[in-house]
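Let me begin by presenting the structure, written as structure tokens, before commenting on it.
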Amino acid sequence: MQDDTDTPGWDAINAALAPLYAGQEPRHFGTALPYTLGGQDPLDGISVYWAESPVPHWHYITYGLSELYAKESSDAATSGYGFELTFRLAADKGEDAGSTPPAWPMNLLQNLARYVFSSGNVFEDGHHLNANGPIALETDTRLCHLAFVADPQLPTRDTANGQLQFLQVVGLTDEEMDAIKRWSTRGVLQVLEDAMPLWITDLHRGNLLDDPALAARVQAGSEREGSSTGMLFIETLDWRQTAGITTLVLGAGQVGSVGELLPLRLRHGKALTLVSRERQWEFMPATDGTAAVEGDNVRWILDEAALQAWHDVRPQRGTYPVSSTLQVEVVPTFLRDAKGEVIREIG
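Residue numbers for the sequence shown follow the working numbering, so the first one is 1196 and each next one is one higher.
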């Protein structure tokens, strides 16, 4: 950290936290060699505060995704990438304000920042991602996904270097992430907040949607508003046209997700796009435009009758008619290990 006189961005983060943690000196973990000088960690540092309410937990806040020092970017309205990340972790039994906060959340936040710095892609309120394993390595936690939501205690603020938002990272189970795909990040998190106040991540918890009341509220929201998931990245996507019939080829492992999302998108007037490495297929509501096949891109109109027929498409190899001009061919999906060897066949 540089001299206090030229750290307006850093000071703005401290000022946002001061009302929450008056009189508390945070544990600050700095970076020995900054990313800009060849180091491996892009963040300048991470501060960790202790909170007693609503349950004892640690509150982590990053420094470095916004502009901490002099203004350098050309966008006067936004400080750096426009946000800092936060994370709330439920305290383990025996931990208190005098304990050393767990280090793994700091590695998680550095990895997320590394993705932003290397790709230029930014996180926003409502984004989510698959952690491809436990969010805390070498643990048996069921939390394998991350969602991003505006920190409920740290509102967006204007700084000398532009606007700054605090995005909280929240750990979720497979089932909770499936619910988000069927509805929306904000919708599901607002329901779960009754059982997960301040969206505090607890590595030891189970699936909150095992509670029938919460599950019913999420289901109702999904049916009322549809799904916010407009794009699915899938491995197997192909098609061919013969004698006026278009055959869409999907992997058995993907059929369930497509079939689940189609009515939650199209019946609410929203498109659903399937994307593979080479090709793209966009399903459109019956009231929206016309079908078109152009090279590796397809726009296909599905009416209500075709949506009903899609219910008969099963995750088993075979060919299933959807309409007079469209059929779906389901082929096996092969799950492979890190060496590329098949460990499981679906369909």
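For glycine and all other residues, C-beta sits at the position ideal for the given N, C-alpha and C.
Buried or exposed: residue i, going by 16 or more other Cβ atoms within 10 Å of its Cβ?
i, result
"L1362", "buried"
"K1288", "exposed"
"D1199", "Here the model assigns D1199 a pLDDT of 47, short of 50, so the residue's position is not dependable and the matter cannot be decided."
"I1375", "buried"
"N1316", "exposed"
"V1453", "buried"
"P1214", "exposed"
"Q1305", "buried"
"L1307", "buried"
"Q1511", "exposed"
"M1391", "buried"
"P1249", "exposed"
"S1422", "buried"
"P1300", "buried"
"R1377", "buried"
"V1523", "buried"
"A1286", "buried"
"I1208", "buried"
"E1247", "exposed"
"F1428", "exposed"
"Q1219", "exposed"
"S1417", "buried"
"L1332", "exposed"
Give me whichever residues DSSP pairs with residue i in a beta bridge.
i, result
"D1433", "V1444"
"L1467", "F1478"
"S1242", "H1223 and I1256"
"H1323", "A1342"
"T1396", "L1284"
For the alpha helix (DSSP H) containing residue i, name the first residue and the last one.
i, result
"R1419", "P1407 to E1420"
"V1344", "Element bounds for V1344: not the alpha helix (DSSP H) but the beta strand (DSSP E), H1340 to A1345."
"G1382", "T1380 to L1387"
"D1353", "No alpha helix (DSSP H) contains D1353, which is instead part of the beta strand (DSSP E) from R1352 to T1354."
"V1526", "Not the alpha helix (DSSP H): V1526 falls in the beta strand (DSSP E), residues L1521 to V1526."
"L1304", "W1299 to S1314"
"N1209", "P1203 to L1212"
First and last residue of the beta strand (DSSP E) that includes residue i?
i, result
"P1516", "G1513 to P1516"
"W1495", "N1492 to L1497"
"V1365", "G1357 to L1367"
"M1426", "M1426 to F1428"
"L1280", "T1273 to A1285"
"V1488", "A1487 to E1489"
Between residue i and residue j, is the Cβ-Cβ spacing less than 8 Å?
i, j, result
"A1501", "L1469", "no"
"T1424", "L1456", "yes"
"A1447", "P1527", "yes"
"T1380", "G1321", "yes"
"L1459", "A1481", "no"
"S1242", "Q1358", "no"
"N1356", "G1204", "yes"
"G1240", "Y1258", "yes"
"T1440", "H1252", "Rather than Thr, the amino acid found at residue 1440 in this sequence is Ile. No, the Cβ-Cβ distance between I1440 and H1252 is not below 8 Å."
"F1278", "Q1348", "no"
"Y1264", "D1201", "yes"
"S1518", "A1504", "yes"
"S1471", "L1432", "yes"
Contact defined as beta carbons within less than 8 Å: I believe residue i pairs with residue j. What is the distance between those atoms, to the nearest angstrom?
i, j, result
"L1284", "L1260", "19 Å between Cβ atoms; not a contact."
"E1370", "N1402", "5 Å"
"F1343", "E1319", "7 Å"
"L1324", "I1330", "Wrong, their Cβ atoms sit about 10 Å apart, outside the cutoff."
"V1508", "V1525", "7 Å"
"A1487", "R1352", "Wrong, their Cβ atoms sit about 46 Å apart, outside the cutoff."
"L1384", "H1340", "About 12 Å; that fails the 8 Å criterion."
"T1334", "L1398", "6 Å"
"E1420", "G1382", "7 Å"
So does residue i have its beta carbon nearer than 7 Å to some heavy atom of the ligand FMN?
i, result
"H1223", "As far as ligands go, the structure on display features none, and thus does not contain the ligand FMN."
Indicate whether at least one CB of chain B lies closer than 8 Å to the CB of residue i.
i, result
"A1415", "Considering every chain present, this structure includes no chain B. It has just one protein chain."
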